[in-house]
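Comments concern the structure below.
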């Protein structure tokens, strides 16, 4: 299957620390599915309102 997902590449200091991680896949922004959308389109969805609700699929991380 072609990969049409949107993935977190970097998390800024003091942002959603502990809630969002590098490699997590963003599935929805404010209830809208983002698969197949461009990065610009997803960015517009995230900044259209003063806050954004995300549905994510966490990346598998090594548990120690």
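Residue numbers (the UniProt record's numbering): 1 to 64.
Ideal placement from N, C-alpha and C gives every residue a C-beta, glycine not left out.
Treat the numbers as computed from the prediction; the structure is a model and nothing was measured.
Please report the distance separating the alpha-carbon of residue i from that of residue j.
| i | j | result |
| --- | --- | --- |
| residue 42 | residue 59 | 19 angstroms |
| residue 55 | residue 31 | 8 angstroms |
| residue 38 | residue 9 | 15 angstroms |
| residue 19 | residue 47 | 18 angstroms |
Quick one: using the 10 Å Cβ neighbour count with 16 as the cut-off for buried, is residue i buried or exposed?
| i | result |
| --- | --- |
| residue 33 | exposed |
Please return the same chain residues whose Cβ sits closer than 6 angstroms to the Cβ of residue i, not counting the five positions on each side in sequence.
| i | result |
| --- | --- |
| residue 25 | 5, 7 and 57 |
| residue 28 | 55 |
| residue 53 | 30 |
Which of the three DSSP states, helix, strand or coil, is assigned to residue i?
| i | result |
| --- | --- |
| residue 60 | coil |
| residue 55 | strand |
| residue 42 | helix |
Give every residue of the same chain whose Cβ lies closer than 7 angstroms to the Cβ of residue i, excluding the five residues on either side of it in the sequence, and list them in chain order.
| i | result |
| --- | --- |
| residue 36 | 4 |
Can you give me the Cβ contacts of residue i inside the same chain, cut-off strictly under 8 angstroms, excluding the 5 residues immediately before and after it?
| i | result |
| --- | --- |
| residue 49 | 30 |
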